[in-house]
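Scroll down for the structure; my scribbles are underneath it.
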Amino acid sequence: MRAAMKQVSGAVAAVPPPADHVVVKGLSKGFAGQPLYADFDLTLSRGSFVSVFGPNGCGKSTLINMISGILPMDRGSVLFDGRPVSETRIGYVFQNYREAVFPWLRAIDNIRYPLKFLPLSKAEREARVEALLASFDVKLDLNRYPYEMSGGQQQLVSIMRALVVDPEVLFLDEPFSALDYEMTLFLRDRLQHVLEGRGVTSLLVSHDLDEAVFMADEVLLLTKRPTTVAARIAFDAPRPRTADTTVTADFVRVKAECLEIFQREVRR
Amino acid sequence: MMFSRIGRGVQALVGALILIAIWEVVVVLRLVDPVLLPGPGDALRSFWDGLVHGTLWVDFSRTIWRTAASFAIAVVVAVPLGIVLGASERVYGAVEFLIDFFRSTPASAMFPLFLVLFGVGDFTKIAVAAFGAALVILFNVAYGVMNARKQRQLAARVMGAGPLRVMVDVTVWESLPQTFVGLRNGVSIALVIVIVAEMFIGSTDGLGQRIMNAQMVFDMPQMYAAIFAAGVLGYGLNLLFIALERRFVHWSGK
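For the protein sequence lines, the chains are Z and X, in the order given.
Mapping of the first sequence onto the numbering used here: residues 1 to 268, in sequence order.
Mapping of the second sequence onto the numbering used here: residues 1001 to 1254, in sequence order.
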């Protein structure tokens, strides 16, 4: 009996977790009587980095807001390994970092904030924060208040705050679009570095096709409203990706393919 | 930076000196009956004597005490109530008219009512002042809560905060700049009402009563001294609240 149990538990441990992580089924959402999403289905595999790209007004942000539970949907279900969002650790990075960080808290306390919702001891929390800071490896005085920092530094704090809980799913809503180019390159690089090997399923909304492709394992192209999936294009260039990645034949081909589909959808 | 700060201080002083100079000229040239308008020197001497030898300090402290008491009552009642009302736009909508109506009613018009309710004692003055201040504070706190940045509330929610935590960790902080506007207006309204109450509802002390008495016996230097004391008090309270705001709402406007 005991041997049998052992065998069973051994067998369970050997089975890898299912590849499907996030499952969206029958999602519907309308604004002012106009359907934006009708019976929309989407499955994201575990640990993949998916960039969402599509025409203006197709509801890219709306989609990740509904999946992350920020915005209620009219109908449908979103499950993470079969569990609702309330039972899932998620991280969310807003485009407008100024109105996302808490200006009354020092940067370090902003980063610590979400840990208070996890059942961790004080020592465990501090260890988490330390580990995260070490993995980002940036020189930054985190005892300052957000308003004493540059925009890029504030967004960096915002990204750290999203990652400190060790999220199962990370949502990024145009996180770099309000930043200058230098800072964008730097943050993309840091984010890639930190996500490396963590297996976080990530969903990035971007309005910059280069960025969408550069960051992605897969580009999710959307149609005009009512929105459906136009195509899913894989991009499996090795990581860490650098500026050199953007001149490889593979990158150019994937980008061209995405652009063609995008333009076809815009014209439709 | 340093220079411009000094410069601004000098500038402010220049305005005051010009006013005093005009006052002196008017008195020296006897443009106004000297009984009605004593020189600035006489008024200042009366102020100083009142503070050091006389009872000005007693009246001053009575007025401070009444203003502080009424302000404290107003804060204790209005801040929690404002948060609760502001948290639900539907609830605020239901009482908005009442708040706006009483906020627009001159608090001095309520004196007779409060006299009937609480008699002629100290508490009546404090109660009317608290009433006037509370409405302004309530209004501002409620608006601060209602206008809290939605995205910060969302950010807290998405990190796992429940409604109460969002309220405590985000909304209350978000409302602080507007709350301080209410506190600053509230304390100055409390002072105004306390002074008026001291003038007209049976007082034996306080700056309002002192101004009134000095006027009745035509002791003009004394009257100007008391008016000046009231001005110092009002200005001091304003400075105090600006300093408190800088300290506690350091992120405001940044």
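Cβ coordinates follow ideal geometry from the N, Cα and C atoms, glycine included.
Treat the numbers as computed from the prediction; the structure is a model and nothing was measured.
C-beta neighbour in chain X for residue i, strict 8 angstroms
i                : result
Asn96 (chain Z)  : yes
Ala256 (chain Z) : no
Ile353 (chain Z) : Nothing about residue 353 (chain Z) can be reported from this structure: the residues present for chain Z run from 1 to 268 only.
Tyr181 (chain Z) : no
Phe102 (chain Z) : yes
Ile277 (chain Z) : Within the shown structure, residues of chain Z are numbered from 1 to 268, placing residue 277 (chain Z) beyond reach of any answer.
Tyr37 (chain Z)  : no
Glu99 (chain Z)  : yes
Ile70 (chain Z)  : yes
Ala231 (chain Z) : no
Ile108 (chain Z) : no
Pro114 (chain Z) : yes
Ile90 (chain Z)  : yes
Closest residue to residue i among the options (Cα-Cα distance)
i                 : options                                       : result
Thr43 (chain Z)   : Z:Asp74, Z:Gly82, Z:Lys29 and Z:Met73         : Z:Gly82
Tyr97 (chain Z)   : Z:Cys58, Z:Asp141 and Z:Met160                : Z:Met160
Glu1174 (chain X) : Z:Glu168, Z:Gln263, Z:Leu105 and Z:Glu87      : Z:Leu105
Gly76 (chain Z)   : Z:Val85, Z:Asp41, Z:Leu209 and Z:Met183       : Z:Asp41
Lys116 (chain Z)  : X:Arg1165, X:Gly1231 and X:Ile1018            : X:Arg1165
Glu260 (chain Z)  : Z:Arg188, Z:Phe31, Z:Lys25 and Z:Leu209       : Z:Leu209
Ala1148 (chain X) : X:Gly1160, X:Ile1195, X:Arg1184 and X:Gly1086 : X:Gly1086
Phe251 (chain Z)  : Z:Val266, Z:Ser48 and Z:Ala234                : Z:Ala234
Ile1018 (chain X) : X:Val1035, X:Gly1160, X:Ile1006 and X:Pro1040 : X:Pro1040
Ser202 (chain Z)  : Z:Phe262, Z:Pro167 and Z:Thr227               : Z:Pro167
Thr228 (chain Z)  : Z:Lys25, Z:Ala19 and Z:Arg239                 : Z:Lys25
Cβ neighbours of residue i in the same chain (closer than 8 angstroms, five flanking residues each side left out)
i                 : result
Gln1011 (chain X) : none
Glu174 (chain Z)  : Ser61, Gln95, Val205, Ser206 and His207
Leu1037 (chain X) : Trp1023, Val1026, Val1027 and Met1220
Gly10 (chain Z)   : Confidence at Gly10 (chain Z) is low in this model, with a pLDDT of 43, below 50, so its placement is unreliable and the value that follows should be read with caution. Result list for Gly10 (chain Z): empty, nothing under 8 angstroms.
Phe1241 (chain X) : Phe1180, Leu1183, Arg1184 and Val1187
Pair within 8 angstroms by beta-carbon distance, residue i and residue j
i                 : j                 : result
Phe94 (chain Z)   : Ser158 (chain Z)  : yes
Leu1135 (chain X) : Phe1102 (chain X) : yes
Leu1115 (chain X) : Thr1105 (chain X) : no
Asp217 (chain Z)  : Val22 (chain Z)   : no
Val164 (chain Z)  : Ile111 (chain Z)  : yes
Lys255 (chain Z)  : Pro55 (chain Z)   : no
Ala1130 (chain X) : Ser1070 (chain X) : yes
Ser90 (chain Z)   : Phe176 (chain Z)  : According to the sequence provided, residue 90 (chain Z) is Ile. The question's Ser does not apply to it. No, these two residues do not count as a Cβ contact at 8 angstroms.
Trp966 (chain X)  : Tyr113 (chain Z)  : As displayed, chain X neither begins before 1001 nor continues past 1254, which places residue 966 (chain X) out of reach and without an answer.
Val194 (chain Z)  : Thr88 (chain Z)   : no
Val219 (chain Z)  : Ala212 (chain Z)  : yes
Gln155 (chain Z)  : Leu133 (chain Z)  : no
Ile64 (chain Z)   : Val1158 (chain X) : no
Arg46 (chain Z)   : Gly199 (chain Z)  : yes
Bounding residues of the beta strand (DSSP E) (the contiguous stretch that carries residue i)
i                 : result
Tyr92 (chain Z)   : Ile90 to Val93
Arg1152 (chain X) : That residue, Arg1152 (chain X), is in no beta strand (DSSP E); its alpha helix (DSSP H) goes Lys1150 to Val1158.
Val1120 (chain X) : No beta strand (DSSP E) holds Val1120 (chain X); DSSP gives it neither H nor E.
Pro35 (chain Z)   : Gln34 to Ser45
Thr201 (chain Z)  : Thr201 to Val205
Phe49 (chain Z)   : Phe49 to Phe53
Asp173 (chain Z)  : Val169 to Asp173
Opening and closing residue of the alpha helix (DSSP H) in which residue i lies
i                 : result
Ile70 (chain Z)   : Per DSSP, Ile70 (chain Z) belongs to no alpha helix (DSSP H) and is neither H nor E.
Phe1218 (chain X) : It is not in any alpha helix (DSSP H) - Phe1218 (chain X) carries neither H nor E in the DSSP assignment.
Arg1184 (chain X) : Val1172 to Phe1200
Arg1062 (chain X) : Leu1056 to Ala1087
Leu1044 (chain X) : Pro1040 to Val1052
Val210 (chain Z)  : The identity of residue 210 (chain Z) in the sequence shown is Asp, whereas the question assumes Val. It spans Leu209 to Met215 - the alpha helix (DSSP H) in which Asp210 (chain Z) sits, taken as one unbroken run.
Ser135 (chain Z)  : Lys122 to Phe136
Asp161 (chain Z)  : Before going further, note that residue 161 (chain Z) is Arg rather than Asp in the sequence given. Per DSSP, Arg161 (chain Z) belongs to the alpha helix (DSSP H) from Gly151 to Leu163.
Phe262 (chain Z)  : Ala249 to Arg267
Phe186 (chain Z)  : Tyr181 to Leu195
Beta carbon proximity, residue i to chain Z, threshold 8 angstroms
i                 : result
Ala1133 (chain X) : no
Gly1160 (chain X) : yes
Trp1057 (chain X) : no
Trp1251 (chain X) : yes
Arg1066 (chain X) : no
Gln1151 (chain X) : yes
Ala1072 (chain X) : no
Trp1173 (chain X) : yes
Ala1155 (chain X) : yes
Gln1125 (chain X) : The residue asked about is misnamed: residue 1125 (chain X) is Lys in this sequence, not Gln. Not closer than 8 angstroms to any Cβ of chain Z, the Cβ of Lys1125 (chain X) fails to qualify, so no.
Close beta carbons around residue i, own chain, < 6 angstroms, minus the five adjacent residues each side
i                 : result
Ala1190 (chain X) : Thr1067, Ser1070, Phe1071, Ala1129 and Ala1133
Ile1193 (chain X) : Ala1107, Val1128, Ala1129 and Gly1132
Phe1047 (chain X) : Ala1225 and Phe1228
Residues near residue i in its chain [Cβ-Cβ closer than 7 angstroms; skip 5 each side]
i                 : result
Gly1186 (chain X) : Phe1071, Ala1074, Ala1133, Val1136 and Ile1137
Arg1152 (chain X) : Val1170 and Glu1174
Val1032 (chain X) : Val1026
Pro72 (chain Z)   : none
Lys29 (chain Z)   : Leu36, Tyr37, Thr62, Met66, Met73 and Asp74
CB contact below 8 angstroms: residue i versus chain C
i               : result
Glu87 (chain Z) : Here the protein chains are Z and X, and chain C is not one of them.
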